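Using full-length UniProt numbering, read the sequence shown as starting at 1 and increasing by one per residue.
Each remark here refers to the structure printed beneath this line.
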Amino acid sequence: MDVEEATTRVLDAAEEQFYERGIQAVGMDAIRSRSGVSLKRLYQCFPSKDHIVAAYLRRRDDRWRTQLAEYVREHGDTAEGAILAVFDWLSEWFRRPEFRGCAFVNSFGELGGVSPVVAETARAHKKAVGAYLRQLVEPLDVSDPDGLAAQLAVLVEGATVVAAVTGDLDAARTSRACAEALLDAAGR
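See below:
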């Protein structure tokens, strides 16, 4: 097994385990066992668990934001429609059987106070999501696009946390209604 295949298998196993069980609950042996990669090869790919965690979060960030942007491109035929499509995508994501909330909020809550890598990666993800929302707001003629984007980011985060913690799979729809009200108030 070459390094690229081993790396992919380790990250696949780590992502599944970390997202389902939490980072601290998953040891290197569980990742090795689930991935089928020898311990020697695993440590050649990732010198420590912190390296796996950082790679897992970066990979998840890339995939999550890519899936969101693709959905919005396909379903948002206007500037307002693109913004509202964010919440439609969230609604679909919440209904996936593997949904366990935001991996970045989960990892930050678990390790953000003691792991600079986790804290930095979680903050970078949230900043990137905020920048994406700001991009979606840009075509609108509103007086405070930064403020509107920040409000939308809070609605995204709130819906995700509510869905994960309470099991309310309609949280994205509730946030979508709030986003519509914000867009109306902003004078779309």
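Every residue, glycine too, gets a C-beta built ideally from N, C-alpha and C.
Keep in mind that this is a model prediction, so the values were computed, not measured.
- Contact between A179 and F87 holds: their C-beta atoms lie close to 6 Å from each other, under 8 Å.
- Residues of the same chain with a CB within less than 6 Å of the CB of H51, apart from the 5 flanking positions on each side, do not exist.
- Residue ranges of uninterrupted alpha helix (DSSP H) with 4 or more members, entirely inside the region 59 to 138 and ordered along the chain, are 79 to 94, 103 to 111 and 116 to 137.
- Comparing alpha-carbon positions, the option among L11, T7, Q24 and M1 lying closest to N106 turns out to be Q24.
- Contact annotation: L133 and A163 have beta-carbon atoms that are not nearer than 8 Å.
- Cβ contact annotation for D61 (same chain, cutoff 6 Å, sequence separation greater than five): H125, in chain order.
- When secondary structure is reduced to three states using DSSP, S33 falls in the helix class.
- For A150, the enclosing alpha helix (DSSP H) has its first and last residue at P145 to T166.
- In the DSSP annotation of this structure, the continuous segment of the alpha helix (DSSP H) that includes V3 starts and ends at V3 to R21.
- For D184, the uninterrupted alpha helix (DSSP H) segment begins and ends at A171 to A185.
- Between E92 and G109, the alpha-carbon positions lie close to 24 Å from each other.
- Your pair A103 and G112 does not check out as a contact, with CB atoms roughly 12 Å apart and the cut at 8 Å.
- In the three-state reduction of the DSSP assignment, Q44 falls in the helix class.
- In the pairwise beta carbon analysis, the region 72 to 81 is classified as not touching the region 147 to 161: fewer than three pairs are separated by under 8 Å.
- By the CB criterion at 8 Å, I31 and V10 fall inside the cutoff.
- For the pair S175 and G158, the CB atoms are nearer than the 8 Å cut-off.
- Around the beta-carbon of A181, fewer than 16 other beta-carbon atoms lie within 10 Å, marking it exposed.
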